[in-house]
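Peer 1:
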Ligand SMILES: Nc1ncnc2c1ncn2[C@@H]1O[C@H](COP(=O)(O)OP(=O)(O)O)[C@@H](O)[C@H]1O
Ligand SMILES: Nc1ncnc2c1ncn2[C@@H]1O[C@H](COP(=O)(O)OP(=O)(O)O)[C@@H](O)[C@H]1O
């Protein structure tokens, strides 16, 4: 399908950039005139994915994170978050609710929230190579009568 | 000087991205807790530079624009906007107030506004290669007593 | 960008709301010209109270409107300018050639 | 993220303001633990009225606080949850195990 607009951003894996990246995604999504709820869902899903790269992919150093947002003709948005960090050995297991390799600051609910707030979620990962999370959401047209 | 954070963004030269790019710059600058006036100045300067790439660098097609924001230890922000478009033959002349090669939708005040709203402005350009505008601004610390 | 107009006793007041950048300016100029050509007002007031952002594209729009009103031998002024647009007006120097006021004509 | 507390008649009310993400959560948890350990309250109320954003880091914070209050044999509830945090609470399923109310205890 035709891409009508895109934005690529790159930033270091510092926790201060969690807010920055979800706000950029929200600014990008704003061109579709989403509801506050849709905007909140996108911000939350991005926050989860970016936090994972910061916390799990680069636990001991500062690495590079890339986010790509693409807008399609059918009013769907695709957002991918990529890191070149630790990777995930067993993706299926990692995606189970409550599963976490983190301490008790993590809830193990990150992937579940991405799944329930977006229409589509794909996780590609290779150990010691990195992880790419790709999410899609269609923004409904308002004021249909 | 030490860079403490950065963000790189890339987007197509569509006029809808003028708002997006200045809002991203504002989100980035927000980490320094600037005043509304400082934030407005940064947004305005970015809007001028990005609009120039959209209008003058790629007058007949859609090209690629990159914006880099860097944060330094001394609370200064450097923002560069780069395109690979038409370029400027005579930069000194282009920077004169009221000079424009555009029609009467343009005021010829873009560079003057960037200069007066930022602490430092540098323009590098080569005909048919592209233009890079680099701007710096120091954000004052609030509540000094 | 939302543009609304009000015409009464020969006076056209146009309200700009939102962001006036290059993206919005063409549409805004078209609307504004249409309103002026429809009413041929004796005076035109541009009310910026709800303008959240303006860059130099707004300068061009103001200068063009001023020119059009001069052609019609009418008056033109800009009112209720918020802080960010005010800084742009000042930096561009047009606060010296355009009538900028706190309230209407 | 701004954290304020109020202790009265054995009841500790803690107000969270701003964005509760991973960046803010560590500091928020430290403050919250400090307040609980200082007052050893009989009940603790987490007031989210001014919380603009929350992700799963907030879930972990709520679960840890609930655990701490159970250790103290006290009560714990979350009140005034805005729409976005509410959706996160519902999606995570903890609305079923944590006492979430419209007003205080
Ligand atoms: N980008 C990533 N790089 C490495 N591991 C990851 C990444 N994202 C997720 N994981 C792994 O998947 C697990 C589950 O993630 P998630 O559901 O988001 O919960 P949480 O982040 O709270 O642990 C994490 O604990 C971690 O082991
Ligand atoms: N990125 C660019 N690519 C090519 N030409 C440019 C670029 N930026 C500025 N220029 C040239 O410099 C002139 C002055 O720019 P400026 O002061 O911003 O005023 P305006 O955009 O209103 O014309 C433009 O009219 C154009 O000829």
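Residue numbers (the working numbering), protein chains in the order written: chain X, 5 to 149; chain S, 5 to 149; chain Y, 263 to 367; chain P, 263 to 367.
We put the CB at the ideal spot given by N, CA and C, even for glycine.
1) Measuring alpha carbon to alpha carbon, tell me which of S/46, S/85 and S/6 ends up nearest residue 127 of chain S.
2) Are the beta-carbon atoms of residue 105 of chain X and residue 111 of chain X separated by less than 8 Å?
3) When DSSP labels each residue in this structure, what does residue 101 of chain X get in the three-state scheme?
4) Is it buried or exposed for residue 90 of chain S, if we count other Cβ within 10 angstroms and need 16 for buried?
5) Give the residues of chain P in contact with residue 48 of chain X, contact being defined as C-beta atoms less than 9 Å apart.
6) How many angstroms separate the CA atom of residue 161 of chain S from the CA atom of residue 56 of chain S?
7) Measure the C-alpha to C-alpha separation of residue 366 of chain Y and residue 306 of chain Y and round it to an integer number of angstroms.
8) Grab me the residues of residue 101 of chain X's own chain with a C-beta within less than 6 Å of its C-beta, minus the 5 sequence neighbours each way, in chain order.
9) Give me whichever residues DSSP pairs with residue 14 of chain S in a beta bridge.
10) In chain order, which continuous runs of the alpha helix (DSSP H) of length 4 or greater are located wholly inside the stretch 284-367 of chain Y?
11) Any heavy atom of ligand 1 closer than 7 Å to the CB of residue 92 of chain X?
12) Suppose you measure from the CA of residue 133 of chain X to the CA of residue 88 of chain X; what does that come to, to the nearest Å?
13) Are the stretch 332-340 of chain P and the stretch 299-318 of chain P in contact at 8 Å, needing three or more beta carbon pairs?
14) For residue 288 of chain Y, go through chain S and note every residue whose CB falls closer than 8 Å to its CB, in chain order.
15) Which residue wins for smallest C-alpha separation from residue 325 of chain Y, given the options Y/297, Y/314, Y/362 and Y/266?
16) Can you give, in chain order, each stretch of the alpha helix (DSSP H) that sits fully within the stretch 77-101 of chain S and has at least 4 residues?
17) Go ahead and pull the three-state DSSP assignment for residue 5 of chain X.
18) So, helix, strand or coil for residue 149 of chain S, using DSSP?
19) When you compare the stretch 286-298 of chain P with the stretch 5-13 of chain X, are there three or more beta-carbon pairs, one atom per stretch, that lie closer than 8 Å?
20) Here's the rule I'm using: 16 or more other beta-carbon atoms within 10 Å means buried, otherwise exposed. How should residue 39 of chain X be labelled?
21) What's the call for residue 31 of chain X, buried or exposed, on a 16-neighbour Cβ count within 10 Å?
22) Contact defined as beta carbons within less than 8 Å: I believe residue 315 of chain Y pairs with residue 142 of chain S. What is the distance between those atoms, to the nearest angstrom?
23) Among S/95, S/93 and S/69, which has the Cα closest to the Cα of residue 4 of chain S?
24) Quick check on residue 133 of chain S: does DSSP put it in helix, strand or coil?
25) Does the distance from the C-beta atom of residue 291 of chain Y to that of residue 280 of chain Y stay below 8 Å?
26) Which one of S/19, S/120, S/44 and S/34 has the shortest CA to CA distance from residue 285 of chain Y?
27) Listing by chain order, which chain S residues have their CB less than 7 Å from the CB of residue 28 of chain X?
28) So what's residue 123 of chain S in DSSP terms, helix, strand or just coil?
29) Residues in the same chain with beta-carbon distance under 8 Å from residue 16 of chain S, minus the five sequence neighbours each way, listed in chain order, please.
30) Please name the residue or residues paired with residue 275 of chain Y in a DSSP beta bridge.
31) Check whether the Cβ of residue 26 of chain X lies closer than 7 Å to any heavy atom of ligand 1, and answer yes or no.
32) Considering only the beta carbon of each residue, do residue 309 of chain P and residue 276 of chain P sit closer than 8 Å?
33) Can you have a look at residue 93 of chain X and say buried or exposed, based on whether 16 or more other CB atoms are within 10 angstroms of its CB?
34) Compare the C-beta of residue 121 of chain S against all C-beta atoms of chain Y and say whether one is closer than 8 Å.
35) Looking at chain X, is there any beta carbon in it that lies within less than 8 Å of the beta carbon of residue 24 of chain S?
36) How is residue 107 of chain S classed by DSSP in three states: helix, strand or coil?
Peer 2: Per the coordinate set shown:
1) That would be S/85, whose Cα lies nearest to the Cα of residue 127 of chain S.
2) no
3) coil
4) Per the 10 Å Cβ criterion, buried.
5) 315, 316, 317, 318, 346, 349, 350 and 353
6) What the structure shows of chain S is the stretch from 5 to 149, and residue 161 of chain S is not part of that stretch, so it cannot be assessed.
7) Per-residue confidence for residue 366 of chain Y stands at a pLDDT of 46, beneath the threshold of 50, marking its modelled position as unreliable; the derived number appears in the next sentence. Rounded to the nearest angstrom, the gap between the Cα atoms of residue 366 of chain Y and residue 306 of chain Y is 10 Å.
8) 116
9) X/12 and S/70
10) 284-301, 318-333 and 345-354
11) yes
12) 6 Å
13) yes
14) 109
15) When C-alpha distances from residue 325 of chain Y are compared across Y/297, Y/314, Y/362 and Y/266, the shortest belongs to Y/362.
16) 95-98
17) coil
18) Unreliable placement is indicated for residue 149 of chain S, whose pLDDT of 49 sits below 50; the coordinate value is still reported in the next sentence. Three-state result, residue 149 of chain S: coil.
19) no
20) exposed
21) buried
22) Between residue 142 of chain S and residue 315 of chain Y the Cβ distance is about 23 Å, and since that is not below 8 Å, they are no contact.
23) With chain S running from 5 to 149 in the structure shown, residue 4 of chain S is simply not present.
24) coil
25) Taking 8 Å as the Cβ cut-off, residue 291 of chain Y and residue 280 of chain Y do not qualify as a contacting pair.
26) S/19
27) 28 and 31
28) coil
29) 66, 67, 68 and 69
30) For residue 275 of chain Y, which the question treats as bridged, DSSP gives the partners Y/268 and Y/307.
31) no
32) In contact: residue 309 of chain P and residue 276 of chain P (Cβ atoms closer than 8 Å).
33) exposed
34) Proximity of residue 121 of chain S to chain Y, defined by a Cβ-Cβ separation below 8 Å, is satisfied.
35) Against chain X, the CB of residue 24 of chain S has a partner CB under 8 Å away; the residue lies at that interface.
36) coil
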